[in-house]
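Presented below is the structure to which this report refers.
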Amino acid sequence: MIGRLMLHSSTKNAAHMSSGGQARLQLRTNSPLFTPMQVLFFTCMVIFSVFVVAQTAVGNTNDEAASEKPPLVRFHAWGGSAQVNGYLQWVALQVKTRFNIELQHVKLADTSDAVSRVLAEKAAGNHDNGSVDLIWINGENFAAMKKHGLLSASWVSELNNFSLTNPEENSVMTTDFGEPTLGMEAPWGKASMVFYYRSEHMKSLGLMAPKTTEQLLRFSQKAPGRFTYPVPSDYLGISFIKYAALALNKDKHSVFYQPVSDASLKTVLPPLWKYLDALHPTMWQQGDHMLRHASQLQRLVGAGELSLAFSFTASEIPSAVTRFDLPEDVRTYAMQDGSLANVHFIGLTYNSGSKAAAKTVVNFLLSPQAQAKKQEITVWGDDTVLDMTTLTNAQQALFKKEAVHPSALDKSKPTALLAEPHASWTDALRDAWYERYGARY
Amino acid sequence: MFAQFTRIMRWCLLLLLCIPVLAGLVGVIFPALGYFPAIGANSFSLDVFRTLFALDDIWHMVWLSLFTGVGSTLLAMAGAFLLLATFYQSSWLEKVQGLLSPFLVFPHAAAAIALLFVLSPSGIFARLMVLGGDDAPPAAGSSFFPYDEFGFSVLLALSLKELPFIILMALSVMSQPLIKKKLLGYVNVGASLGYSPTASFFKLVAPSIFTQIKLPILAVLVFATSNVEIPLILGSNNPSTLAVAIMHWFNHIDLSMRLLASGAAVLQVAVSGVALLLFFAVEHFLMYLGKQSLMKGRRHGADALVRGIGYGIVSLYVILISTVIYAVVMYSIAKHWPFPALLPEGVTFLHWGTALEALATPLVNSLLLGMLVSTSAMLLVLFTLESEQLKPAARHANSAFSISLFLPLLVPGVAFLYGLVWFQQLVLQNAVWFHTYIAHMVYVVPYVFLSMAVAYRKFDNRYAMVAQSLGKTPWQVFYRIKLPLMLNAILVAWALGLAISFSQYLPTLLASGGTIATITTEAVASVSGSSTRLTAVYVIIQGAMPLIGFVIAWYLPGVLMKNRGASIKEKNKRRAVLHGT
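Note that the protein sequences, when read in sequence, are chains A and B.
Note that my numbering has the first sequence beginning at 177, numbered continuously upward.
Note that my numbering has the second sequence beginning at 6, numbered continuously upward.
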């Protein structure tokens with residue numbers, strides 16, 4: 177039918193053509209929108225772009241087969257900090273020039289996205305060419321990946337620089353929240369909890385920065401709405417709850433370092449609930465709405481809506497001041513009743529397609545040069561995991577102190593460190609919290 | 006030949022939309038029924054739903070989703086029609102359209118953040134409020150705007166965002182020559198019978214526009230009930246809307262929560278369905294009221310009030326847009342900026358430097374993906390629409406077609422995207438660009454289609470008939486008559502497709518596994534970060550990117566048409582010379 181129609185119309189067309197100039201003139205005025213050249217150009221563009229895309233897609237399927245291409249290592253790490261991102265850019269440049277490895281920092285808003293991805297790959301049977309090579313984790317994400325067998329085991333001891341952390345002496349390098357790492361992840365940095373406050377707010381409120389959990393409650397009662405903590409699904413939120421639980425149960429610390437049980441939970445919860453019940457109504461938004469992400473704490477302090485907050489990276493405070501994200505009157509300090517401290521790690525997935533290159537990258541991250549660079553306040557300021565006694569003098573010199581920023585933590589004062597409770601406590605405390613205060617997503 | 010080709014294209018489009026959505030749905034329905042072998046759940050049962058409905062807050066969450074979704078859509082629609090009633094006969098209409106389009110192309114995440122900049126307790130308005138006061142710290146967050154437990158701030162933000170879209174859709178209907186003529190006739194009859202312009206609008210014009218833009222409005226409604234970004238940034242979390250909870254459960258560290266998430270995703274589909282039913286109920290009620298008012302025949306209907314509201318909405322947008330621009334630009338270049346001050350203490354380009362340094366690759370990715378997606382979506386849609394005219398499908402096939410076309414818009418994204426990722430892992434696991442392309446197409450094609458279909462179906466077919474009767478083939482009619490005449494609409498649709506592709510967060514992140522960084526994924530990651538100033542920079546970049554497409558759409562037709570006019574003249578001249586010899 178169509179064919180006949182077209183035939184018909186083309187014969188008609190021919191008839192018109194032969195019938196003379198008048199008709200031809202009329203037809204020709206319908207000149208095309210695009211000239212044939214333009215159409216050709218456009219088509220080429222489309223084909224070319226499809227080709228480019230297909231090329232990338234196909235290229236990805238045989239990562240290691242194409243030996244002339246440098247191996248690609250995809251490092252999935254939280255991308256919310258300009259300092260961390262900047263440091264990883266430096267690392268990418270270094271491994272490219274030193275080892276000809278292409279390091280791609282996949283910036284995550286939430287680390288569990290990457291955990292989910294590896295799990296989805298495992299579910300779909302992709303066991304040797306996953307899209308996640310390295311992943312920055314600790315605590316529960318590690319526990320989850322370990323439980324589901326998503327990480328390579330016993331690879332860390334192969335790294336030359338791992339011995340510099342002195343793992344025989346420092347058991348924290350091989351235990352992640354009380355959970356043995358079994359060589360599934362390499363230590364990368366150390367952190368402890370610090371508090372920071374707006375000194376001008378304190379002046380106008382006529383208050384002192386609180387030094388203990390009890391003082392914190394009194395502060396919040398006198399200046400309602402000036403403090404909050406993130407929900408326990410956030411890393412910093414659950415850390416605050418652990419800190420409060422430890423500080424309010426000074427006489428029962430030993431139970432926190434064993435796997436949690438109903439009995440031990442029952443003994444530590446009552447003082448915690450009593451404390452939080454009193455604290456919540458005095459908090460920001462009357463405790464009705466609590467922040468989802470720890471980083472929003474810093475924003476609210478910067479905006480002036482909060483006067484007191486806390487962080488797990490002491491160095492990010494002065495560095496945020498130099499980047500204007502926090503005002504100059506911010507001061508950092510450690511609580512007298514203890515600071516929660518832990519180590520963060522890098523895991524290698526079980527289905528990584530470029531394990532050898534990934535190990536080279538991690539070994540570089542553990543080198544004195546990379547660790548010293550990371551510890552610089554202007555770069556990131558994350559504490560090194562290397563044991564200074566294992567280093568040569570020249571290597572130790574790399575870590576020499578810089579001038580102290582007025583907003584930075586005064587490290588000359590001794591701080592009492594509280595080790596992280598056993599990993600099972602995290603879930604137990606969080607579930608109990610949600611049960612009591614409602615699920616806040 | 007051409008007709009056959011267009012029919013093949015139509016099938017391609019259909020498959021492109023249906024396969025990912027259906028595959029995605031299967032990928033959540035199985036876990037919802039308790040089947041998820043990866044974590045050792047191997048048997049089917051309804052336990053997941055039992056757990057889901059046993060949650061304390063579940064009905065509260067469902068209510069919040071319904072309330073914010075239906076409420077914002079109705080509010081946005083009312084606002085849009087009041088605006089149109091005020092301005093439809095005035096030359097201001099174009100200015101209003103120009104004013105609202107920035108909000109249209111602004112990605113949802115960026116819009117929500119921008120509202121935080123101006124409306125939060127330490128925002129610009131709070132600063133203005135205490136102007137001249139002492140240097141006291143800002144009110145300790147007990148304000149109404151962000152995070153209120155009733156969902157009003159989410160509702161408000163959603164309506165602010167959807168109103169321009171509804172206006173744009175209505176205007177694209179009204180500007181079609183045929184409809185324009187018909188509506189003008191209505192209005193003239195109304196005027197000669199003594200109806201005030203406002204009364205004629207609501208009694209005569211609005212009903213015919215509404216039927217034309219009903220499908221886009223339904224898409225807006227579903228989107229509003231299942232949107233993640235806005236309630237995530239502005240909504241309370243005690244509890245949150247259902248969609249936010251779903252995302253939270255899918256991303257939960259405890260991987261067995263995915264079963265619950267899948268169950269909730271299925272529930273979300275039902276919630277969106279209920280929202281549609283509610284909307285139909287309201288629609289019928291309004292139609293009943295409309296008929297009553299037609300019978301009564303009152304010549305005036307609260308004219309002054311309508312105009313007042315119309316001007317009120319416009320001034321609200323003017324104030325909001327200008328303060329947002331001020332706040333965002335200032336933050337992006339501010340040094341320290343203590344609370345009540347209206348000006349920062351100094352200017353720095355540190356954050357622009359940081360952002361631009363990191364943005365080269367994401368920018369190229371965004372552009373490449375956007376251009377590819379939008380252009381191919383445009384071609385598919387054009388051929389599909391053409392096939393509809395060349396050989397209209399049977400009635401059933403046609404309605405099946407429009408339902409599947411709207412499938413991606415009517416099935417909440419949070420419901421099928423996670424399932425889609427699982428499916429994509431089964432086939433071609435490493436073709437990340439391809440998967441991302443598909444995930445984008447699923448969202449871009451329907452909007453491009455919506456935007457084009459209105460123009461296309463109302464195209465004055467007599468041009469085509471005349472051309473055909475002069476012996477042009479279907480291809481020639483399509484290429485030489487329709488394309489040039491609809492160039493404006495085509496480019497606007499293309500720009501819209503580009504903007505939508507740019508703004509995709511969840512599809513990009515999930516389908517590419519994070520390996521394809523785009524401006525939007527970087528921006529959302531920066532929102533989870535701690536720098537307000539860096540976020541401001543990203544908001545500006547995100548807002549400016551879609552404008553590229555629209556600038557092209559506004560600028561190109563003029564240039565092309567001018568050239569075309571010139572080339573015709575040229576040819577005529579040449580012919581004249583030839584004839585002369």
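Every residue gets a Cβ at the ideal spot worked out from N, C-alpha and C, and that includes glycine.
Asked, Found
"Cα-Cα separation between Trp357(B) and Ile546(B), rounded to whole angstroms", "10 Å"
"is_contact[Asp259(B), chain A] using C-beta, thresh 8 Å", "yes"
"Contacts that Asp61(B) makes with chain A (C-beta to C-beta distance below 9 Å)", "Gly614, Ala615"
"Min CB distance Ala233(A) to chain B below 8 Å", "Residue placement at Ala233(A) is flagged as unreliable, the pLDDT there being 43, under the threshold of 50; a coordinate-derived value is accordingly withheld."
"Listed by chain order, chain A residues near Arg312(B) by CB distance under 9 Å", "Correct list: empty, because the minimum Cβ distance to chain A is about 38 Å."
"Range of the contiguous alpha helix (DSSP H) that encloses Pro169(B)", "157 to 179"
"Through-space distance from Ile172(B) to Pro212(B), alpha-carbon basis", "15 Å"
"Gln102(B) versus Ile314(B): straight-line alpha-carbon distance, rounded", "17 Å"
"Best match in Ala115(B), Ile251(B), Thr246(B), Leu433(B) for proximity to Phe157(B) [C-alpha to C-alpha]", "Thr246(B)"
"Other residues of its chain near Gln377(B): CB distance less than 8 Å, five sequence neighbours each side excluded", "Residue 377(B) is actually Leu in this sequence, not Gln. Here the set comprises Tyr442."
"Stretch pair the stretch 418 to 435 of chain B + the stretch 532 to 539 of chain B: three plus CB contacts closer than 8 Å", "no"
"Helix, strand or coil at His584(B) according to DSSP, with G and I counted as helix", "Here His584(B) scores only 42 on pLDDT, less than 50, and its place in the model should not be relied on; the value that follows carries that caveat. Helix at His584(B)."
"8 Å Cβ cutoff, Asn518(A) in contact with chain B", "no"
"Residues in the stretch 411 to 439 of chain B having any Cβ partner in chain A nearer than 7 Å", "Val426, Trp427, Gln430, Leu431, Gln434, Asn435, Ala436, Val437, Trp438, Phe439"
"Neighbour list for Gly518(B) in chain A, Cβ cutoff strictly below 7 Å", "Arg293, Ser307"
"Outcome for Ala365(B) when other beta-carbon atoms lying within 10 angstroms are tallied against a minimum of 16", "exposed"
"Residue-level contact to chain A via CB, Val135(B), 8 Å cutoff", "no"
"Status (buried if at least 16 other CB within 10 Å, exposed otherwise) for Trp609(A)", "buried"
"Beta-carbon neighbours of Met466(A), restricted to chain B and to distances below 8 Å", "Asn242, Asn243"
"Exposure of Ala549(B), with buried meaning 16 or more beta-carbon neighbours within 10 Å", "exposed"
"Under 7 Å by beta carbon: chain A residues contacting Glu391(B)", "Neighbours of Glu391(B) on chain A: none; closest Cβ ~13 Å, over 7 Å."
"Counted within 10 angstroms of its Cβ, other Cβ atoms place Leu201(A) as buried (16 or more) or exposed", "Since pLDDT at Leu201(A) reaches only 38, below the 50 mark, its modelled position is unreliable, and the value read off the structure follows with that caveat. Counting Cβ neighbours within 10 Å, Leu201(A) comes out exposed, since fewer than 16 surround it."
"C-alpha distance - Ala319(A) paired with Phe428(B), whole-angstrom precision", "26 Å"
"Uninterrupted alpha helix (DSSP H) stretches inside the stretch 446 to 527 of chain A (no shorter than 4 residues)", "471 to 479, 492 to 498"
"Glu362(B) and Phe483(B) closer than 8 Å at C-beta", "no"
"Cβ shell of Arg606(A) (< 6 Å), same chain only, five flanking positions each side left out", "Pro408, Ile414"
"Inter-residue spacing [alpha-carbon to alpha-carbon] between Leu57(B) and His253(B)", "14 Å"
"Under 8 Å between C-beta atoms of His598(A) and Leu260(B)", "no"
"Beta-carbon gap between Leu226(B) and Phe150(B) smaller than 8 Å", "no"
"Residues of its chain near Asp153(B), where Cβ-Cβ distance is below 7 Å and the 5 sequence neighbours each way are ignored", "Ser241"
"Straight-line gap, Asn47(B) to Ala362(A) (C-alpha atoms, nearest Å)", "34 Å"
"For Tyr510(B), the three-state DSSP class (helix, strand or coil)", "coil"
"Residue interval of the alpha helix (DSSP H) (run including Trp64(B))", "63 to 92"
"Alpha-carbon to alpha-carbon, Pro42(B) and Leu431(B)", "14 Å"
"Pairwise C-alpha distance: Ser471(A) and Gly354(A)", "26 Å"
"8 Å Cβ shell around Ser164(A) - same chain, five flanking residues per side excluded", "The structure shown has nothing for residue 164(A), since chain A only spans 177 to 617."
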